[in-house]
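K.L.:
The opening position of the sequence shown corresponds to residue 1 in UniProt numbering, with each subsequent residue numbered one higher. Think of the CB as a built atom: it goes at the ideal place given N, C-alpha and C, for glycine as much as any other residue. Model, not experiment: these values are computed from the prediction.
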Amino acid sequence: MAEAWEPPVARDLGGPYRFLWWLTRSQGRRVVLGATLGTVWMVGLTVPPWVLSRAVDEGLVGGDQAALVSWALVLLGVTVLNALVAIGRHRTMTKIRMDASYRSIRATVWHTSRLGSSLARRASAGEVVTVGISDVHIVAQALTVTGPGVGAVIAYAVVAVVLFTISPLLAAVVLAGVPLLVVAVGPFLQRIERTGSDYRGHQARLTTQLIDVLAGLRVLNGLGGKGFVADRYVEQSQRLVRRGYRVAGPASWVGALSTGLPALFLAAVVWLSARMAATGAISIGELVAVYGYVAVLVIPVASFIESGSDLARARVAGQRIIDLLNLPVPSDAGAPLPHGIGPLIDPASGVVVRPGLLTALVTARPAEATTVIERLGRLTDTRATWQDVRLDKVTRAELRRRLLVADNDAEVFAGTLREIVAGRRDPDDARIRTALHTAVAEDIVDARPAGLDARIAAGGSDLSGGQRQRIRLARAVYAEPDILLAIDPTSAVDANTEAAIVDRLRDARRTTTTLISTTSPLVLDRADEVVVLVDGKAALVGTHQELLGRDSYYRELVSRAQEDR
């Protein structure tokens, strides 16, 4: 059955159980079907003991062979029917759990995409990854309570009523048994919540550390620090293992009690019913039925305990999910951007990006240039303006459409070359090839028999550093923004390729505005204007040749950069 997806609203994120209710409500018909099948299955388990008691009393004790055969055939039919119901219940509950899992994943992806670049400052990568690969599945597992959980409650009530017709004393023992089980298991469930929250937080931090290590593995190898980082990661992992033991302790007790306590409960009731049968208070057939009823009760009682454990774990995991979903999204309200292509001004640094020019931003500290570009691109808090209009006062959607920040660390997702270059825009092969030509990336296509249909691995792991850099630049060019802010887009290519990239980029974007952070003399020489940052401020502005002729600091900066390259 097809279900429309809608994101959770504020009231659905008021707590873990509200979030669980949203997941339940979002697939209401399927949940009702699962609860119905779970109830029919659980109640159906109580029918065979009654049929068996009739076979014993009427067939064996009464000596009626025909009745014995009839009741045996009824028992076979009931068993087969209940097996079919069990298959349907299992299939339905699997769909419920999968729907809840994917619905949670979709909600987190939807929200993180709305958070955009602000996500990195509000949540660690490990936190987001752990939510996606662990928490959503724990929460989905808790929805099992809507099927077997509901069925367990109803089956328990049915057995209690049936036992009451046989013996009020037996019914009273059964009704009193489950509350005692809850009292025994309750403290362990509370401890699971406490230790689980601590474990989950440490897991997220360790995942973040692992992501950082993998991202910087090549650098660590070059610096000889891989061993030190690996030892530290092992130490942190062992701490996580010890925290895991603290979670596993009460969890194992819950598992043991979910099996052991119902068995003791069964033994007590069977002992009592056997004594009653010996005194003639109940018949032999009723004794068999009581044993069957109480044996059946082991399943709903175990479901009670398991559901409680699932809910305890889901409360911790659900809180992590809603913490992420409750991160405030930057407002998209604001004024439209003015027409034209600038100028773009950063008051904090004094950098002015004039319209229609290829501007180079150079500094002895590359981090300063990145900071300026992040302000100009509204990736951080900013007072930057576009034709005297504050960027933080305009609509985000229009700003992202007309202004693009091309970062060297931007993700290269798995897909065909066509899909990667087109990004979220409709692919046009002619424009894609033009963008690849501008980024001097035609060789990447030509080297693959499938051309634009060639598949690239996630992260561009099957590309060299220079190829990934050119593919990212081609993607930025294809977007055709009014203003392109590129962070050192030629750092991983050779001099000839670098010169060709800058020449083609300038020609392709003559009617738009481009800013490049760089220290390459080749790029600086081809730029229309060079802005020099000193201590984060615009200290010098002019062409490359003008600055070389009049400023010793600039000559020294370019000379040092040339030696480094």
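Reducing DSSP to helix, strand and coil, say where Val219 ends up.
P.N.:
Position 219 of the sequence shown, counted from the start, is the residue given in the question as residue 219. Reliability fails at Val219, whose pLDDT of 49 lies under 50, so the model's placement of it is uncertain and no value is given.
K.L.:
Within 10 Å of its beta-carbon, does Asp407 have 16 or more other beta-carbons around it, so buried, or fewer, so exposed?
P.N.:
Residue numbering aside, residue 407 sits at position 407 when the sequence shown is read from its first letter. It is buried - the Cβ of Asp407 has at least 16 other Cβ atoms within 10 Å.
K.L.:
Does any heavy atom of the ligand ATP sit closer than 6 Å to the C-beta of Gly292?
P.N.:
This structure does not include the ligand ATP; it has no bound ligands of any sort.
K.L.:
For Leu524, which residues from the same chain have a beta carbon less than 8 Å from its beta carbon, with the 5 sequence-adjacent residues on both sides left out?
P.N.:
Counting from one through the sequence shown, the residue named residue 524 turns up at place 524. Cβ within range, chain order: Ala360, Val362, Thr518, Val530, His544 and Val558.
K.L.:
What distance in whole Å lies between the Cβ atoms of Ile471 and Ala441, which are believed to be in contact at a cut-off of 8 Å?
P.N.:
By 1-based counting over the sequence shown, the position of residue 441 is 441. By 1-based counting over the sequence shown, the position of residue 471 is 471. About 6 Å separates the two Cβ atoms, so the contact holds.
K.L.:
Find out if the Cβ-Cβ distance for the pair Val78, Gly285 is shorter than 7 Å.
P.N.:
Residue numbering aside, residue 78 sits at position 78 when the sequence shown is read from its first letter. Residue numbering aside, residue 285 sits at position 285 when the sequence shown is read from its first letter. Their beta carbons are not under 7 Å apart, which means Val78 does not touch Gly285 by this criterion.
K.L.:
Can you check which of these residues, Gly342, Lys95, Leu324 and Leu143, is closest to Ser113 by C-alpha distance?
P.N.:
Start at 1 with the first residue of the sequence shown, and residue 113 comes out as number 113. Of the candidates Gly342, Lys95, Leu324 and Leu143, the one whose C-alpha sits nearest the C-alpha of Ser113 is Leu324.
K.L.:
Could you give the first and the last residue of the continuous beta strand (DSSP E) run that contains Ala360?
P.N.:
On the sequence shown, residue 360 is found 360 positions in, with the first residue counted as 1. From DSSP, the beta strand (DSSP E) with Ala360 extends over Leu358 to Thr363.
K.L.:
By how many angstroms is the C-alpha of Leu358 removed from the C-alpha of Gly549?
P.N.:
Counting from one through the sequence shown, the residue named residue 549 turns up at place 549. Counting from one through the sequence shown, the residue named residue 358 turns up at place 358. Distance between the alpha carbons of Gly549 and Leu358: 21 Å.
K.L.:
Please classify Ser464 as buried or exposed, where buried requires at least 16 neighbouring CB atoms within 10 angstroms.
P.N.:
Within the sequence shown, numbered from 1, the residue matching residue 464 stands at position 464. Ser464 should be labelled exposed.
K.L.:
Going by DSSP, which residues form a beta bridge with Ile483?
P.N.:
The sequence position of residue 483 within the sequence shown is 483, counting from 1. Paired residues: Leu403 and Thr513.
K.L.:
Let me know the secondary structure DSSP gives Thr543 once reduced to three states.
P.N.:
For this step, residue 543 is matched to residue 543 along the sequence shown. The answer is coil: DSSP assigns Thr543 none of H, G, I, E or B.
K.L.:
Ends of the alpha helix (DSSP H) at Val31?
P.N.:
For the purposes of this step, residue 31 is taken as residue 31 along the sequence shown, with counting starting at 1. Here the alpha helix (DSSP H) through Val31 covers Gly28 to Gly44.
K.L.:
Would Gly149 pass as a contact of Ser307 if the rule is Cβ separation under 7 Å?
P.N.:
Here residue 149 refers to the residue found at position 149 when the sequence shown is read from its first residue. Here residue 307 refers to the residue found at position 307 when the sequence shown is read from its first residue. Yes, they are a contact pair.
K.L.:
Can you look up Gly415 in the DSSP assignment and give me helix, strand or coil?
P.N.:
Position 415 of the sequence shown, counted from the start, is the residue given in the question as residue 415. Correct three-state label for Gly415: strand.
K.L.:
Please give the ranges of any alpha helix (DSSP H) in the stretch 278 to 351, keeping only runs that are unbroken, at least 4 residues long and fully inside the region.
P.N.:
284 to 325
K.L.:
So for Glu556, helix, strand or coil by DSSP?
P.N.:
On the sequence shown, residue 556 is found 556 positions in, with the first residue counted as 1. Three-state result, Glu556: helix.
K.L.:
With a threshold of 8 Å, are at least 3 pairs of Cβ atoms found where one atom belongs to the stretch 22 to 31 and the other to the stretch 266 to 286?
P.N.:
no
K.L.:
Using DSSP with H/G/I as helix, E/B as strand and the rest coil, what is Trp21?
P.N.:
For the purposes of this step, residue 21 is taken as the residue at position 21 of the sequence shown. Note: Trp21 maps to helix in three-state DSSP.
K.L.:
What does the alpha-carbon distance come out to for the pair Ser70 and Leu169?
P.N.:
Within the sequence shown, the letter at position 70 stands for residue 70. Within the sequence shown, the letter at position 169 stands for residue 169. If I take the Cα positions, the gap works out to 32 Å.
K.L.:
Taking the C-alpha atoms as reference points, what is the distance between Val40 and His111?
P.N.:
The residue you call residue 40 lines up with position 40 of the sequence shown. The residue you call residue 111 lines up with position 111 of the sequence shown. Val40 and His111: Cα-Cα distance of roughly 39 Å.
K.L.:
Compute the Euclidean distance between the alpha carbons of Val153 and Ser104, then round it to the nearest angstrom.
P.N.:
As a first step, residue 153 must be located in the sequence shown, where it is residue number 153. As a first step, residue 104 must be located in the sequence shown, where it is residue number 104. C-alpha separation (whole angstroms): 27 Å.
K.L.:
Asp12 to Leu143, Cα distance in whole Å?
P.N.:
The sequence position of residue 12 within the sequence shown is 12, counting from 1. The sequence position of residue 143 within the sequence shown is 143, counting from 1. Approximately 16 Å between the Cα atoms of the pair.
K.L.:
Along the chain, where does the beta strand (DSSP E) containing Glu529 start, and where does it finish?
P.N.:
Your numbering for residue 529 matches position 529 in the sequence shown. Glu529 -> beta strand (DSSP E) spans Glu529 to Val534.
K.L.:
Checking the sheet assignment: what are the DSSP bridge partners for Ala160?
P.N.:
On the sequence shown, position 160 is the one that residue 160 refers to. According to the DSSP secondary-structure assignment, Ala160 is paired through a beta bridge with no residue.
K.L.:
So, Val405 versus Leu485, is the Cβ gap smaller than 7 Å?
P.N.:
Walking along the sequence shown from the start, residue 405 turns up at place 405. Walking along the sequence shown from the start, residue 485 turns up at place 485. In contact: Val405 and Leu485 (Cβ atoms closer than 7 Å).
K.L.:
Just the Cα atoms here: how many angstroms apart are Ala2 and Ser53?
P.N.:
Looking up residue 2 in the sequence shown gives position 2. Looking up residue 53 in the sequence shown gives position 53. Here the model assigns Ala2 a pLDDT of 49, short of 50, so the residue's position is not dependable, and the following value carries that caveat. Computed Cα separation, rounded: 45 Å.
K.L.:
With the cut-off set at 7 Å, would you say Thr416 and Arg378 are in Cβ contact?
P.N.:
As a working note, residue 416 is residue 416 in the sequence shown. As a working note, residue 378 is residue 378 in the sequence shown. Arg378 is positioned such that its CB atom lies no closer than 7 Å to that of Thr416.
K.L.:
Beta carbon of Ala171, beta carbon of Phe164: below 7 Å?
P.N.:
What you label residue 171 is simply residue 171 of the sequence shown in a count that begins at 1. What you label residue 164 is simply residue 164 of the sequence shown in a count that begins at 1. Cβ distance < 7 Å, so Ala171 and Phe164 count as in contact.
K.L.:
Compute the Euclidean distance between the alpha carbons of Thr146 and Arg431, then round it to the nearest angstrom.
P.N.:
Here residue 146 corresponds to residue number 146 of the sequence shown, with the count starting at 1. Here residue 431 corresponds to residue number 431 of the sequence shown, with the count starting at 1. In a straight line, the C-alpha of Thr146 is about 52 Å away from that of Arg431.
K.L.:
Note down the Cα distance separating Ile322 from Gly14, rounded to an integer number of angstroms.
P.N.:
For this step, residue 322 is matched to residue 322 along the sequence shown. For this step, residue 14 is matched to residue 14 along the sequence shown. Between Ile322 and Gly14, the C-alpha separation is close to 8 Å.
K.L.:
Ends of the alpha helix (DSSP H) at Lys95?
P.N.:
In the sequence shown, counting from the first residue as 1, residue 95 sits at position 95. Start and end: Gln65 to Leu115.
K.L.:
May I ask you to list the residues that DSSP assigns as paired with Thr382?
P.N.:
Counted from its first residue, the sequence shown places residue 382 at position 382. DSSP, once it has assigned bridges, lists no residue as partnering Thr382.
K.L.:
Going by alpha carbons, who is nearest to Arg424 out of Gly151, Ala538 and Phe413?
P.N.:
Translated into positions along the sequence shown, residue 424 becomes position 424. Comparing Cα-Cα distances from Arg424 to each of Gly151, Ala538 and Phe413, the minimum goes to Phe413.
K.L.:
Could you check where the alpha helix (DSSP H) with Val372 kicks off and where it finishes?
P.N.:
Position 372 of the sequence shown, counted from the first residue, corresponds to residue 372. Val372 -> alpha helix (DSSP H) spans Pro366 to Leu376.
K.L.:
Going straight from the alpha carbon of Ala538 to that of Lys95, what length do you get?
P.N.:
To locate residue 538, count along the sequence shown from 1; it is residue 538. To locate residue 95, count along the sequence shown from 1; it is residue 95. Their Cα atoms are separated by approximately 59 Å.
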